[in-house]
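First residue of the sequence shown? That's 79 in the working numbering, and the numbers climb one at a time after it.
Ideal Cβ positions, reconstructed from N, Cα and C, are used throughout, including at glycine.
Everything below concerns the one structure shown next.
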Amino acid sequence: MAKDMNFFDALKALGDENDVDTSLLIEKVKSAMLKAARRAYPHSEDRIRVEIDPATKKFAMYIVQDIIDDEPIDENEINIDTARTIDPNALVGGTMLKELDISKLGRMAALSAKQSIKGDLREINREQMLSKFESKEHDCITVTVSQIDPGRAATVEYDGTELYLFRNEQIAGEELEVGKQIKVYITGIVGKTKKPIVKISRTHKDLVKRLFELEVPEIYDGIVEIKAISREAGSRTKMAVWSKDPAVDPVGACIGPRRARISAVVGELSGEKIDIIPWSEVPEEFIARALAPAEVLKTVITSMEEKSCTVIVPNNQLSLAIGNKGQNAKLAAKLTGFKIDIKPQIDSVTGEEAPELSPDFVAPVFETPEPEQDAAEETEETATAEDAETATAGDAETAPAEDEAPETEGE
């Protein structure tokens, strides 16, 4: 009995260690023990029974014997006289269970059972991982930071499962703390057929989208639609929104009463600035809005095939349109999908006004990066201009919603 108690204690510990329900583990142990016993008793393959009962702490293995009148040929049979010494009600033609000594299965059988259980545990862990996270792929979840390795990955926990937030998926400059709850975006699950690895990110642009879906009922209900997002994680995001209902202001819905909704998203992203602009199906209008807070005088689509355009801005708005290290122009290019060439209204050298542009004129400065370009290329300075202070949140609030300046949070 003591051995049985130790077995069940070990079984519970194994289940806890692998986050596996004990009842499921019992079925796997039964299966492994049956395989081992059938190798040890090849002539009794279909007669082996395993009993594991956590309620009574019973762990036993049996062989089903036929009750006969004659002398038994092998372990599959038992004489009626012998059977009645065990059970006085035994009858010829019936069956009875003979308990087997598990310790006599042999070392190889025990090793085989152990390997089988290990394999089953791996499969259980794989299935549990997939069932827990497959439905959450391309969604955001709340995790708790459990360990921080400076300069490398942070370990986070979700529903008892450890995940790794690698350095390149962390927001630059963000200080993570053990015990802190943060939201992450599940970018995918790799190795689904073997050992699944759940890939998570704090830098993916769709994290911003999911956060707004959580905060803005109009987005969740499908009234307001997020048409496009461009992001430099930890610094700035531009988001274009559109409303199916003319009575619903999409920008105002995302900002919320007293800016509560956008402030919640900014807080989750450690103060990242967010520009919200109204989307337009007219490319010239959309491009001009995307360059806000800079004022745009004119937008000319120079090639729809190549998706390129030239934008004219007042001279005092040039550095604002380009942004610090070209950020505003690059984000606008990614948001709209257009190559954008920004020109001043008056040439600083000749003093001449910008000429009328022909449809064949193409002189792109800021290009939409291809998906395979790495993050380092995104930060490359692609235009020279004096850095400019971007508009503050207070400035954005003074512009009415119908104006084309974006609402900005996080300044």
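Next on the checklist: Spatial neighbours of alanine 250 within its chain, please: C-beta separation below 6 Å, excluding the five flanking residues on both sides.
Outcome noted: Stepping through the sequence shown from its first residue, residue 250 is reached at position 172. Gly312.
Next on the checklist: Can you tell me which residues form a DSSP beta bridge with proline 422?
Outcome noted: The residue you call residue 422 lines up with position 344 of the sequence shown. According to DSSP, proline 422 bridges with Val391.
Next on the checklist: My output table needs one value for lysine 277: the three-state DSSP class, helix, strand or coil.
Outcome noted: Mapped onto the sequence shown, residue 277 falls at position 199. Looking at lysine 277 - three-state DSSP - the assignment turns out to be strand.
Checklist entry - Among all the DSSP beta bridges, which residues are the ones paired with proline 356? => result Counted from its first residue, the sequence shown places residue 356 at position 278. Partner(s): Val319.
Checklist entry - Would DSSP call tyrosine 236 helix, strand or coil? => result Residue numbering aside, residue 236 sits at position 158 when the sequence shown is read from its first letter. Tyrosine 236: strand per DSSP, three-state reduction.
Checklist entry - Are the segment 327-335 and the segment 289-308 in contact at 8 Å, needing three or more beta carbon pairs? => result yes
Next on the checklist: Taking only three categories from DSSP, how would you classify glutamate 455?
Outcome noted: Here the question's residue 455 lines up with position 377 in the sequence shown. Because glutamate 455 sits at a pLDDT of 40, beneath the cut-off of 50, its placement in the model cannot be relied upon, and the following sentence gives the value as read from the coordinates. Correct three-state label for glutamate 455: helix.
Next on the checklist: Are the CB atoms of lysine 210 and isoleucine 264 within a distance shorter than 8 Å?
Outcome noted: As a working mapping, residue 264 is identified with position 186 in the sequence shown. As a working mapping, residue 210 is identified with position 132 in the sequence shown. No, these two residues do not count as a Cβ contact at 8 Å.
Checklist entry - Expressed to the nearest angstrom, what Euclidean distance is found between the alpha-carbon atoms of threonine 315 and glycine 349? => result Here the question's residue 315 lines up with position 237 in the sequence shown. Here the question's residue 349 lines up with position 271 in the sequence shown. A direct Cα-Cα distance of roughly 11 Å separates threonine 315 from glycine 349.
Checklist entry - In terms of DSSP beta bridges, what is tyrosine 263 paired with? => result Position 185 of the sequence shown, counting from 1, holds the residue named residue 263. Paired residues: Cys218 and Ser279.
Item to check | Closest Cα partner of threonine 377 within the set Leu169, Ile151 and Cys387 | outcome: As a working mapping, residue 377 is identified with position 299 in the sequence shown. Checked all of Leu169, Ile151 and Cys387; the closest Cα to threonine 377 is Cys387.
Checklist entry - How far does the beta strand (DSSP E) with arginine 309 in it reach, from first residue to last? => result By 1-based counting over the sequence shown, the position of residue 309 is 231. Looking at the DSSP string, the run of the beta strand (DSSP E) that includes arginine 309 is 302-310.
Checklist entry - Hey, proline 274 and leucine 175: beta-carbon distance below 8 Å or not? => result On the sequence shown, position 196 is the one that residue 274 refers to. On the sequence shown, position 97 is the one that residue 175 refers to. Note that the C-beta distance between proline 274 and leucine 175 is not below 8 Å.
Next on the checklist: For the alpha helix (DSSP H) containing valine 344, name the first residue and the last one.
Outcome noted: Here residue 344 refers to the residue found at position 266 when the sequence shown is read from its first residue. Unbroken alpha helix (DSSP H) run through valine 344: 338-346.
Checklist entry - With burial defined as no fewer than 16 other Cβ atoms inside 10 Å of the residue's Cβ, what is the status of threonine 281: buried or exposed? => result Counting from one through the sequence shown, the residue named residue 281 turns up at place 203. The residue is buried, with at least 16 neighbouring Cβ atoms inside 10 Å.
Checklist entry - Residue range of the alpha helix (DSSP H) that tyrosine 490 falls in? => result No answer is possible for residue 490: the residues shown for the chain start at 79 and end at 489.
Checklist entry - When the Cα atoms are used, what is the spatial distance from glutamine 451 to glutamate 359? => result Here the question's residue 451 lines up with position 373 in the sequence shown. Here the question's residue 359 lines up with position 281 in the sequence shown. With a pLDDT of 42 at glutamine 451, under the threshold of 50, the modelled position of that residue is not reliable, and the figure given next carries that caveat. Rounded to whole angstroms, glutamine 451 and glutamate 359 show a C-alpha spacing of 27 Å.
Checklist entry - Quick one: what's got a C-beta closer than 7 Å to isoleucine 195's C-beta in the same chain, skipping five residues either side? => result Numbered from 1 along the sequence shown, position 117 holds the residue referred to as residue 195. Hits under 7 Å: Lys106, Val107 and Ala110.
Next on the checklist: Under 8 Å, with one C-beta from each stretch per pair, do the segment 389-400 and the segment 361-380 reach the 3-pair mark?
Outcome noted: yes
Item to check | Nearest-angstrom Cα separation, counted from glutamate 240 out to isoleucine 355 | outcome: Position 277 of the sequence shown, counted from the start, is the residue given in the question as residue 355. Position 162 of the sequence shown, counted from the start, is the residue given in the question as residue 240. Roughly 38 Å between the two C-alpha positions.
Checklist entry - If you drop the 5 nearest sequence neighbours on each side, which residues of the same chain put their C-beta closer than 7 Å to that of arginine 309? => result If you number the sequence shown from 1, residue 309 lands on position 231. Hits under 7 Å: Lys283, Val286 and Thr315.
Item to check | According to DSSP, residues forming a beta bridge with glutamine 225 | outcome: For this step, residue 225 is matched to residue 147 along the sequence shown. In the DSSP output, where bridge partners are listed per residue, glutamine 225 has Thr233.
Checklist entry - From phenylalanine 244 to phenylalanine 137, what distance separates their C-alpha atoms? => result For the purposes of this step, residue 244 is identified with residue 166 of the sequence shown, where counting begins at 1. For the purposes of this step, residue 137 is identified with residue 59 of the sequence shown, where counting begins at 1. Using only the alpha carbons, I get a separation of about 45 Å.
Checklist entry - So what does leucine 241 bridge to, in DSSP terms? => result By one-based count along the sequence shown, residue 241 stands at place 163. DSSP, once it has assigned bridges, lists Val234 as partnering leucine 241.
Item to check | DSSP three-state assignment for aspartate 124, whether helix, strand or coil | outcome: The sequence position of residue 124 within the sequence shown is 46, counting from 1. Note: aspartate 124 maps to helix in three-state DSSP.
Next on the checklist: Taking a contact to mean a Cβ-Cβ separation below 8 Å, would you say valine 221 touches valine 262 in this structure?
Outcome noted: Position 143 of the sequence shown, counted from the start, is the residue given in the question as residue 221. Position 184 of the sequence shown, counted from the start, is the residue given in the question as residue 262. A contact, by the Cβ cut-off of 8 Å.
Item to check | Those residues which DSSP pairs with isoleucine 156 across a bridge | outcome: Within the sequence shown, the letter at position 78 stands for residue 156. Looking at the DSSP assignment, isoleucine 156 forms a beta bridge with Ile145.
Checklist entry - Nearest CA to the CA of leucine 112: which residue from Ala191, Val276, Val256 and Thr271? => result Here residue 112 refers to the residue found at position 34 when the sequence shown is read from its first residue. Among Ala191, Val276, Val256 and Thr271, the Cα nearest to that of leucine 112 belongs to Ala191.
Item to check | Endpoints, the alpha helix (DSSP H) within which lysine 412 is located | outcome: Reading the sequence shown from its first residue, position 334 is the one you call residue 412. Start and end: 405-414.
Checklist entry - Taking the beta strand (DSSP E) that proline 174 falls in, what are its first and last residues? => result Position 96 of the sequence shown, counted from the first residue, corresponds to residue 174. Going by the sequence as given, residue 174 is methionine instead of proline. Methionine 174 -> beta strand (DSSP E) spans 173-178.
Checklist entry - Rounded to a whole number of angstroms, what is the C-alpha to C-alpha distance between isoleucine 126 and aspartate 179? => result Counting from one through the sequence shown, the residue named residue 126 turns up at place 48. Counting from one through the sequence shown, the residue named residue 179 turns up at place 101. The alpha-carbon atoms of isoleucine 126 and aspartate 179 are separated by roughly 12 Å.
Next on the checklist: Taking 7 Å as the limit between beta carbons, can you name the residues of its chain near glutamate 155, skipping five residues before and five after?
Outcome noted: To locate residue 155, count along the sequence shown from 1; it is residue 77. Setting aside the 5 residues that flank it on each side, glutamate 155 is surrounded in the same chain by Gln143, Asp144 and Ile146, each with a C-beta closer than 7 Å to its C-beta; the list follows chain order.
Item to check | Beta-carbon contacts of isoleucine 202 that lie in its chain and below 6 Å, excluding the five residues immediately before and after | outcome: By 1-based counting over the sequence shown, the position of residue 202 is 124. So the list reads Val98, once near-sequence residues are dropped.
Checklist entry - Any idea if asparagine 246 is buried or exposed, counting beta-carbon neighbours within 10 angstroms, 16 or more meaning buried? => result Here the question's residue 246 lines up with position 168 in the sequence shown. Burial check for asparagine 246: the Cβ neighbour count within 10 Å stays below 16, so the residue is exposed.
Item to check | Where the alpha helix (DSSP H) through isoleucine 249 begins and ends | outcome: Locating residue 249 in the sequence shown gives position 171, counting from the first residue. Taken as a continuous stretch (DSSP letters only), isoleucine 249 belongs to no alpha helix (DSSP H), as it is neither H nor E.
Item to check | Cβ separation of alanine 232 and glutamine 248, assumed to be a contact under 8 Å, to the nearest whole Å | outcome: As a first step, residue 232 is located in the sequence shown; it is residue number 154 there, counting from the start. As a first step, residue 248 is located in the sequence shown; it is residue number 170 there, counting from the start. Indeed they touch by this definition, with Cβ atoms about 7 Å apart.
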